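Those letters in the sequence shown? Residues 10 to 82, by the numbering used here.
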Amino acid sequence: MHTPDNWRKSSYSGGGDGNNCVEVAPRPDHVLIRDSKVPSRTVLTFPPATFTTFLDALKPAHSTVTDFARLRG
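Below you can see the structure in the form of C-alpha cells.
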C-alpha cells in the first residue's frame, strides 16, 4: 500500500513528542489510520461515512466516561 505523505495527528495528542496517538490520512474514497508509535505497521482503512460516524460518536455530547463506556459496549 502506498503510504501518503499527509498524515495528521490530533491537536489533543498532548505534550512531548506527541507520539501517543493515532494519525489520520484522508483520501477521496477512504480514510487511513495508523498508530503514531509504530507507523510502519498495519494501516486501518475505513470508508469516509464510517469514519465520520465514529468521529460524531466522540463529540462532546458523548465524551463523558459513562457515555464512552456505553459506546464501547
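Glycine included, every Cβ here is placed at the ideal spot set by N, Cα and C. Note that the coordinates shown come from a computational prediction; the quantities given were computed from them, not determined experimentally.
Residue environment, residue i, which counts as buried when at least 16 other CB atoms sit within 10 Å
i, result
"residue 71", "Residue placement at residue 71 is poorly supported in this model, since its pLDDT is 48, which falls under 50; the coordinates still yield a value, given next. So residue 71 ends up on the exposed side."
"residue 47", "exposed"
"residue 41", "buried"
Neighbourhood of residue i by C-beta distance below 7 angstroms, restricted to the same chain and skipping five residues each side
i, result
"residue 19", "30"
"residue 15", "34"
For residue i: DSSP bridge partner residues
i, result
"residue 33", "17, 42"
Other residues of its chain near residue i: CB distance less than 6 angstroms, five sequence neighbours each side excluded
i, result
"residue 55", "40"
Contacting residues, own chain, Cβ-Cβ under 8 angstroms from residue i (five flanking each side not counted)
i, result
"residue 50", "43, 44"
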